[in-house]
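Residue numbers (numbering that gives the first Met the number 0): 0 to 290. A short write-up of the structure that comes next.
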Amino acid sequence: MGKVFIIDVSKCNGCYDCQLACKDEHVDNDWSPYAKPQPDTGHFWLKIYEFERGTIPKVKVTYIPRICMHCDNPPCKAACPVGAIIKRADGIVLISPEKCNGCRQCISACPYGAIYFNDQLNIAQKCTGCAHLIDGQDPHINTPRCVDVCPFDAIKIGEEGELRGLIEKAETLNPAFEKMRPFAISKSENVYRPRVYYLNLPRPFIAGAVYDPDIDECIEGAKVTAEDEETKATYTTVTDEFGDFWLKDLKWNHSYTIRIEKEGYEVWVLNGVKTDKDVNLGDIALIRKTK
């Protein structure tokens with residue numbers, strides 16, 4: 000079955016411990032035949048991507064750790080003309096530092112941008128899944144450093160069969176996640192078949208604040224509904240004591256009709272709110288009904 004990684008984005012607070020631990024393990028350390036030393040700068044075999052979502056004051060920050068996806072259908076392996084890239088029986092993909100000829104074709108082929116070039120050694124390098132630790136090269140630790148140091152258990156590694164329950168709930172990272180939405184694509188749609196799975200990749204939100212302009216006060220308890228104009232699915236919440244509302248876990252790149260209702264006020268409706276990004280509708284005035 001092989002090994003898999005599970006990364007729960009909802010548990011990651013951007014502490015960067017995993018990124019630092021990866022550097023600590025591989026910079027100036029020669030783990031041949033797994034990997035030659037990582038350069039001091041320029042390489043991020045594990046990289047934390049930070050996304051600021053929404054606009055002030057309705058802002059959320061999401062952190063997404065990215066490692067080599069150790070794909071079951073690795074385009075880097077197919078692109079290598081000298082057979083320097085191997086896929087082990089346990090699923091881990093490695094670049095042989097002895098065989099690599101520095102052609103850089105694997106770098107161009109990787110859809111996740113996870114392969115880097117070492118100018119000094121003239122070889123391509125990437126996350127090894129800390130295979131040297133898994134194989135027992137260090138008597139004190141037998142798990143990848145990123146997994147070991149995470150204080151919130153956001154990164155797991157295990158046998159595919161043992162983690163089947165989490166895998167069934169998980170998705171894979173969209174190769175275009177840096178520039179396009181959605182962040183996630185389903186396992187069946189991902190042609191590269193990565194062995195790194197993600198939980199709780201962000202879905203879009205629509206947020207705002209509701210107030211009464213006559214008395215310049217926030218409106219608490221207003222019902223806010225988003226109706227998907229394509230599927231007709233509805234999402235509902237109510238405003239809090241500050242008049243704020245957050246409609247969460249919507250669908251990317253859909254259009255919604257927003258409806259706000261409160262007894263004694265005219266119904267407020269806005270059509271065509273598109274979730275190609277997270278949306279802050281700003282301050283919304285509800286008008287009192289005339290008697």
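All C-beta atoms, glycine included, are put in the ideal place defined by N, C-alpha and C.
With a threshold of 16 other CB atoms inside 10 Å of the CB of I28, please say whether the residue is buried or exposed. Checking the sequence, you will find Asn at residue 28 rather than Ile. With fewer than 16 Cβ atoms within 10 Å of its Cβ, N28 is classed as exposed.
Is it right to say K22 is buried, meaning 16 or more other beta carbons lie within 10 angstroms of its own, or is it exposed? By the neighbour-count rule (16 or more Cβ atoms within 10 Å), K22 is buried.
Is it a yes or a no for the region 188-201 touching the region 157-169, going by three-plus beta-carbon pairs under 8 angstroms? Touching, yes.
Three CB pairs or more closer than 8 angstroms across the region 125-136 and the region 228-235: Between the region 125-136 and the region 228-235 there are fewer than three inter-stretch CB-CB distances shorter than 8 angstroms, so the stretches are not counted as touching.
May I ask which residues mark the beginning and end of the beta strand (DSSP E) holding R65? Its beta strand (DSSP E) spans residues K57 to R65.
Tell me which residue opens and which closes the beta strand (DSSP E) that R258 is part of. In the DSSP annotation of this structure, the continuous segment of the beta strand (DSSP E) that includes R258 starts and ends at S254 to E260.
From the DSSP secondary-structure annotation, give me the bridge partner or partners of T236. Beta-bridge pairing links T236 to V223.
Would you say the region 229-249 touches the region 180-191, given that touching needs at least three Cβ pairs under 8 angstroms? They do not touch, by the three-pair rule.
Give me the Cα-Cα distance between C217 and R52, rounded to the nearest whole angstrom. Whole-angstrom Cα-Cα distance: 24 angstroms.
For Q124, which beta-bridge partners are listed by DSSP? Partner(s): Y115.
What residue from V92, K59, H42 and E49 has the CA that sits closest to F4's CA? Minimum Cα distance to F4 is reached at V92.
For D243, the first and last residue of its enclosing beta strand (DSSP E): It spans D243 to L246 - the beta strand (DSSP E) in which D243 sits, taken as one unbroken run.
Cα-Cα separation between T54 and P143, rounded to whole angstroms: Distance between the alpha carbons of T54 and P143: 37 angstroms.
So, with DSSP's three-state summary, where would you put K2? Assigned with DSSP and collapsed to three states, K2 falls in strand.
Just mark Q136 as buried or exposed, buried being the case when its beta carbon has 16 or more other beta carbons within 10 Å. Of the other Cβ atoms in all chains shown, fewer than 16 fall within 10 Å of the Cβ of Q136; this residue is therefore exposed.
G53 bridges to which residues according to DSSP? Paired residue(s): V58.
Mind checking who A183 pairs with in its DSSP beta bridge? DSSP lists L172 as partners of A183.
Go ahead and label Q119 buried or exposed: buried means 16 or more other beta carbons lie within 10 angstroms of its beta carbon, across all protein chains shown. With fewer than 16 other Cβ atoms within 10 Å, it is exposed.
Only counting the same chain, and skipping five residues up and downstream in sequence, which positions put a Cβ closer than 8 angstroms to that of T233? If we look at T233 and ignore the five residues flanking it on each side, its Cβ neighbours are T224, A225, E226 and D227.
For my contact list, C109 and A83 are in at a C-beta cut-off of 8 angstroms; report their separation, rounded to the angstrom. Contact flag wrong, Cβ pair sits at about 14 angstroms.
I think V209 touches I259, with their Cβ atoms under 8 angstroms apart; what is that distance to the nearest whole Å? That pair is a contact at about 6 angstroms.
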